[in-house]
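Engineer: Here it is, the structure, as structure tokens.
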Amino acid sequence: MADSGSWQRYNRDASISITVLGVVFVGLRFSSRHLGKVPLGLEDALIVAALFNLFVIFVLDLVMVKYGLSLHQSTIPIDDIITINKLLLPAEVFYCTSLILTKTSILAMYHRIFHIHQPTRIAVYVLGAITVIRAVSLIIASIFQCIPVSRAWDKSHPGRCINLKDTFIANDVVNAITDVVILGLLIGRVWKVQAGWGVRIRAVGMISLGGFVVFTSIYRIITLVDVDFDDLTYTLGRSNAWCVIEVSSGIISACIPTLRPLARALFPGVFSRKQSSQGQGNSSYLKPGNGGLSDDSSRDGVYKRPEVGVGFDGDEYPLTVVKVRGRVEGIGFQKRLGIMLSEIIAHHK
237 MADSGSWQRY
247 NRDASISITV
257 LGVVFVGLRF
267 SSRHLGKVPL
277 GLEDALIVAA
287 LFNLFVIFVL
297 DLVMVKYGLS
307 LHQSTIPIDD
317 IITINKLLLP
327 AEVFYCTSLI
337 LTKTSILAMY
347 HRIFHIHQPT
357 RIAVYVLGAI
367 TVIRAVSLII
377 ASIFQCIPVS
387 RAWDKSHPGR
397 CINLKDTFIA
407 NDVVNAITDV
417 VILGLLIGRV
427 WKVQAGWGVR
437 IRAVGMISLG
447 GFVVFTSIYR
457 IITLVDVDFD
467 DLTYTLGRSN
477 AWCVIEVSSG
487 IISACIPTLR
497 PLARALFPGV
507 FSRKQSSQGQ
517 GNSSYLKPGN
527 GGLSDDSSRD
537 GVYKRPEVGV
547 GFDGDEYPLT
557 VVKVRGRVEG
567 IGFQKRLGIM
577 LSEIIAHHK
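What follows is the structure in structure tokens.
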């Protein structure tokens, strides 16, 4: 990819491929929700909104490529350069908005599962606040990078502009750090589940697949460092493509933890119901969305074991083990003892 034309093909092909992949994973997410009989929640609505933002960024990127993005600025008509600069402004806004939606979707899932664990709940609130404040500040900086605003796309207008490149690099460093912390938060909670090594390793391995978004965040910082305002249309092309890649990777990462029911249907030998039962043998079950013990638990603490695969958040196993264990720890000793005894009796039947 030595010439400008090949960079345009790289930009276009990469954007199309990763956008299609993001759409596929969102489709798999909702298929898994349907198979697992898991009701839709706030995190699902946020992912749909993030997918809409991805579409907008993707279309804007293709239009900019059509006008000459990834070509040397000296070879592009001035009117096309102005058009590219105009399109960059909404692209930056939708990019920042998509980061808010994707990260808050993941954090909303964490909150629903771990809301009874106070340290995790506080961490979710702090990370959510950092995500929103950072993205909103970047949106404001993008819109008002120049005074007047029109100078952002037409440098012939008198005025002044901030160094948006340094602003984006600084914010992207924070973005990469929050990605690492969010991923580490989930892995840390899952690793503390009192389950077999095999169960925990499989769960952590599945979650770690979402770590690709960390790589995309870091690599996008590298592409921003190479941006040269004297040849902006050429040097910004790769960074712009990685905006699309980063957003789609974030959506994919948010969808991966929800795919267990679908994986169980496609690969029953690996994700069998028997394995699920063994993995959850020391926990109560949840009805989707009720945030607590199943209605099959009576008020005196003795619970009736439901059929595996029905009446619990199967898509997030073994995350529910963490959720239910915390719930049980939060109730009185007598009720907790009753649940433990009923587990022992049920286990030996």
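245 is the number that this note's numbering gives to position 9 of the sequence shown; each next residue is one higher, with no gaps.
Just so you know, even glycine gets a beta-carbon here, dropped at the ideal spot from N, CA and C.
Among the candidates Trp478, Phe380 and Ala281, whose CA atom is the shortest distance from the CA of Tyr246?
Structural biologist: Of the residues Trp478, Phe380 and Ala281, the one whose Cα lies closest to the Cα of Tyr246 is Trp478.
Engineer: Return the residue from the list Ser341, Cys332, Leu287 and Ile252 that minimises the CA-CA distance to Val299.
Structural biologist: Ile252
Engineer: Give the secondary structure of Ile352 by DSSP, where H, G and I count as helix, E and B as strand, and everything else as coil.
Structural biologist: coil
Engineer: DSSP has Cys479 in a bridge; who is on the other side?
Structural biologist: BP columns for Cys479 are empty, so no partner.
Engineer: Taking C-beta to C-beta, are Ile336 and Thr367 nearer than 8 Å?
Structural biologist: yes
Engineer: For Pro504, count neighbouring C-beta atoms within 10 Å of its own C-beta (all shown protein chains included) and say buried if the count is 16 or more, exposed if not.
Structural biologist: Counting of Cβ neighbours within 10 angstroms places Pro504 among the exposed residues, the total staying below 16.
Engineer: Go through the segment 456 to 502 residue by residue and report every complete run of the alpha helix (DSSP H) that reaches 4 residues or more, in order.
Structural biologist: 468 to 491 and 496 to 502, all fully within the segment 456 to 502.
Engineer: Check Ile379 in the structure and name its three-state DSSP category.
Structural biologist: Here DSSP, grouped into helix, strand and coil, assigns Ile379 to helix.
Engineer: Sorted by chain position, which residues of the same chain lie with C-beta nearer than 8 Å to Ser484's C-beta, five sequence neighbours on each side aside?
Structural biologist: Ile254, Thr255, Leu257, Gly258 and Leu290
Engineer: Hey, Ile405 and Ile457: beta-carbon distance below 8 Å or not?
Structural biologist: yes
Engineer: Which same chain residues, not among the five before or five after Lys339, have their C-beta less than 6 Å away from its C-beta?
Structural biologist: Thr367
Engineer: Would you mind sorting Val274 into buried or exposed? The rule is 16 or more other CB atoms within 10 Å of its CB.
Structural biologist: buried
Engineer: Taking all protein chains shown into account, decide if Tyr361 is buried (16 or more other Cβ within 10 angstroms of its Cβ) or exposed.
Structural biologist: Exposed.
Engineer: Who are the near neighbours of Asp462 in its chain, counting only those whose CB is closer than 8 Å to its CB and skipping five residues on each side?
Structural biologist: Taken in chain order, the residues that qualify are Thr471, Arg474 and Ser475.
Engineer: To the nearest whole angstrom, what separates the beta carbons of Leu198 and Thr459, a pair I think is in contact under 8 Å?
Structural biologist: This structure leaves residue 198 out entirely; the chain is present only between 237 and 585.
Engineer: Mapping DSSP to helix, strand and coil, what is Ile254?
Structural biologist: The answer is helix: DSSP assigns Ile254 an H, G or I state.
Engineer: Going straight from the alpha carbon of Thr319 to that of Leu325, what length do you get?
Structural biologist: 10 Å
Engineer: Would you please state the rounded distance, in angstroms, between the beta carbons of Ile375 and Cys332? I believe it to be under 8 Å.
Structural biologist: 5 Å
Engineer: Applying the 10 Å Cβ sphere with the 16-neighbour rule, what's the burial state of Leu502?
Structural biologist: Taking a 10 Å sphere around the C-beta of Leu502, we find fewer than 16 other C-beta atoms and assign the residue as exposed.
Engineer: When you compare the segment 380 to 400 with the segment 410 to 420, are there three or more beta-carbon pairs, one atom per stretch, that lie closer than 8 Å?
Structural biologist: The segment 410 to 420 and the segment 380 to 400 do not touch, with fewer than three beta-carbon pairs separated by less than 8 Å.
Engineer: Give the range of the alpha helix (DSSP H) segment to which Asn411 is assigned.
Structural biologist: Leu400 to Trp427
Engineer: Here's the rule: buried if 16 or more other CB atoms are within 10 angstroms of the residue's CB, otherwise exposed. What is Ser489?
Structural biologist: buried
Engineer: Which word fits Arg496, buried or exposed, when buried means at least 16 other C-beta atoms lie within 10 angstroms of its C-beta?
Structural biologist: buried
Engineer: Would you mind sorting Ser242 into buried or exposed? The rule is 16 or more other CB atoms within 10 Å of its CB.
Structural biologist: Ser242 sits exposed, since fewer than 16 C-beta atoms from the chains shown fall within 10 Å of its C-beta.
Engineer: Can you tell me whether Trp243 is helix, strand or coil according to DSSP?
Structural biologist: helix
Engineer: Since I believe Ser341 is in contact with Ala377 (beta carbons under 8 Å), could you give me their beta-carbon distance rounded to a whole number of angstroms?
Structural biologist: So it is not a contact: roughly 24 Å between Cβ atoms.
Engineer: In chain order, what residues of the same chain lie with their CB nearer than 7 Å to the CB of Leu363, ignoring the 5 residues before and after it?
Structural biologist: Leu343, Thr414, Val417 and Ile418
Engineer: From this set, Arg248, Ile349 and Gly263, which residue's C-alpha is nearest Leu498's C-alpha?
Structural biologist: Gly263
Engineer: Compute every distance between the C-beta of Ile423 and the non-hydrogen atoms of the ligand FMN, then say whether any falls below 7 Å.
Structural biologist: As presented, the structure is devoid of all ligands, the ligand FMN included, so that no description of it is given.
Engineer: Measure the alpha-carbon distance for Leu278 versus Ile314 and round it to whole angstroms.
Structural biologist: 45 Å
Engineer: Rounded to whole angstroms, what's the CA-CA distance from Pro384 to Pro394? Just pull it up for me.
Structural biologist: 8 Å
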